[in-house]
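The next block holds one structure in the form of structure tokens; read it before the comments.
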Amino acid sequence: MALPNFETFDVTAQDGTRLTAQRYGDGPLRVVVANGIGGTLLAWIPLLRALRERCTFVSWDYRGLYGSDAPADPSRVRIVDNAADLAAVMDTAGFDDAVVFGWSLGVQVAIQAAADLDARVRGLVLVNGTFGRIFETAFDPRWGGKVLPWVNQMAIRLGPVLPHLVGAVVRQPWMPKMLEQLRLVDPKLDKEVFTAIAKDLATLDFALYHRMLGEANVHDGEPLLAGLSGPILMITGERDLMTPHAVTETVLRHAPQTEVLKVPRGTHYSLIEYPEIVVPVVQAFLEKHFGEG
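In terms of our numbering, the sequence shown opens at residue 1 and continues consecutively.
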């Protein structure tokens, strides 16, 4: 099936950074999508196709990634900066309010935006992500918080050469199978969509990418959770090594209104592995809480 085309438009962030944004669908319910770092709207294809008449989606490329300019101040790649960009995207799109979808790092952005924008964020759909301190909460907390910051710093230093290495790897036909063997993806992964996402990774500024990851690690959205009053749907994968079940337990403790879908065998890419499970639950959640929009 052909991949969708997105309408694009420019957004000017609060600090003057030019961002590239996308729009898809023409339904009454307004949705803003916060992608995973290095991700695009392509990662949401099952939901976009199912909801294109129900929702109008807008998203954007994070500052310094893909079509968006890097900020003049290289330190302005924090979660709070990305959340402010989300607000700027809403303003430019003419959205007074919206439901916010977040995947991976976008979960942190979505939670921060909900705290900052209050009633403008009507609810959250959080997919395979954590509230903050990503190197501590992802993988095994006994070593993740110690090893991953060091790996990230090394990646920042290697930034100029990483596009060549990543480009060489993602083009290999054996890459999805290797990721399956490492249990990072499930065999049911939509390989067409995954390949379309992965091939663009080689174009990224990896020094900036890893600075943004470092900022995501020092960001802690846990204190914000108790202040979230809108409906929340949290989608996790049974085998998502990057978002262990303890993350869900923490969110439920602070925001007990959260509804949880745990996808059997799902990994960090649950949506494009098991859309037949994820999509109906998201549709039901939107219908339950937002009706006709």
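Cβ coordinates follow ideal geometry from the N, Cα and C atoms, glycine included.
{"Check": "Glu-287 (DSSP reduced to helix, strand or coil)", "Outcome": "helix"}
{"Check": "Run of the alpha helix (DSSP H) containing Thr-20, from where it starts to where it stops", "Outcome": "Thr-20 -> not in any alpha helix (DSSP H); beta strand (DSSP E) instead, spanning 18-24."}
{"Check": "Under 8 Å between C-beta atoms of Gly-227 and Ala-115", "Outcome": "yes"}
{"Check": "Alpha-carbon spacing of Tyr-209 relative to His-289, whole angstroms", "Outcome": "35 Å"}
{"Check": "Terminal residues of the beta strand (DSSP E) in which Arg-122 lies", "Outcome": "121-127"}
{"Check": "First and last residue of the uninterrupted beta strand (DSSP E) at Arg-30", "Outcome": "29-34"}
{"Check": "6 Å CB neighbourhood of Leu-261 in its chain, flanking five on each side removed", "Outcome": "Ile-235, Val-281"}
{"Check": "Candidates Pro-244, Leu-252, Gln-283, Pro-275, of which the one nearest Ser-104 by Cα", "Outcome": "Pro-244"}
{"Check": "CB contact flag (Ile-134, Ala-216, <8 Å)", "Outcome": "yes"}
{"Check": "Neighbourhood of Asp-220 by C-beta, 6 Å cutoff - its chain only, sequence neighbours within 5 removed", "Outcome": "Gly-132, Arg-133"}
{"Check": "C-beta atoms of Gly-123 and Gly-230 nearer than 8 Å", "Outcome": "yes"}
{"Check": "Contact under 8 Å by Cβ, Gln-22 with Ser-59", "Outcome": "yes"}
{"Check": "Any 3 or more C-beta pairs closer than 8 Å across the region 53-71 and the region 28-45", "Outcome": "yes"}
{"Check": "Length of the line joining the Cα atoms of Ala-84 and Glu-238", "Outcome": "32 Å"}
{"Check": "Pro-56, enclosing alpha helix (DSSP H) - first and last residue", "Outcome": "The amino acid at residue 56 is misidentified as Pro; the sequence shows Thr. Per DSSP, Thr-56 belongs to no alpha helix (DSSP H); it is in the beta strand (DSSP E), 55-60."}
{"Check": "Val-89 - DSSP class collapsed to helix/strand/coil", "Outcome": "helix"}
{"Check": "Straight-line gap, Pro-71 to Val-80 (C-alpha atoms, nearest Å)", "Outcome": "14 Å"}
{"Check": "Host beta strand (DSSP E) of Phe-9 (start-end)", "Outcome": "7-12"}
{"Check": "Every unbroken alpha helix (DSSP H) within the region 248-275, with a cutoff of 4 residues, ordered by chain", "Outcome": "270-273"}
{"Check": "Validate contact between the region 266-277 and the region 188-207 using beta carbons, cut 8 Å, 3 pairs", "Outcome": "yes"}
{"Check": "Beta carbon of His-254 nearer than 8 Å to that of Leu-225", "Outcome": "yes"}
{"Check": "Buried versus exposed, by CB contacts within 10 Å (16 or more), Val-263", "Outcome": "buried"}
{"Check": "Any C-beta of chain B under 8 Å from that of Ala-70", "Outcome": "Chain labels in this structure do not include chain B; a single protein chain is all it has."}
{"Check": "Per DSSP, cross-strand counterpart(s) of Val-294", "Outcome": "There is no way to answer for residue 294, as the model of the chain reaches only from 1 to 293."}
{"Check": "Beta-carbon gap between Val-125 and Phe-285 smaller than 8 Å", "Outcome": "yes"}
{"Check": "Proximal residues to Val-11 (C-beta, below 7 Å), its chain only, five neighbours per side dropped", "Outcome": "Leu-19, Ala-21, Trp-60, Ala-88, Val-89, Thr-92"}
{"Check": "CA-to-CA distance, Gly-106 to Leu-86, given in whole angstroms", "Outcome": "10 Å"}
{"Check": "Boundaries of the beta strand (DSSP E) in which Ile-235 is found, first to last residue", "Outcome": "232-237"}
{"Check": "Separation of Asp-118 from Met-242, as counted between CA atoms", "Outcome": "28 Å"}
{"Check": "Burial state of Pro-275 (16 or more Cβ within 10 Å)", "Outcome": "buried"}
{"Check": "Assigned exposure category for His-164 - 16 Cβ within 10 Å defines buried", "Outcome": "Any reading at His-164 must be qualified, since the residue scores a pLDDT of 46, below 50, and its modelled position is unreliable; the value itself is stated next. With fewer than 16 Cβ atoms within 10 Å of its Cβ, His-164 is classed as exposed."}
{"Check": "Which listed residue (Leu-233, Val-218, Val-193) has its alpha carbon closest to that of Val-99", "Outcome": "Leu-233"}
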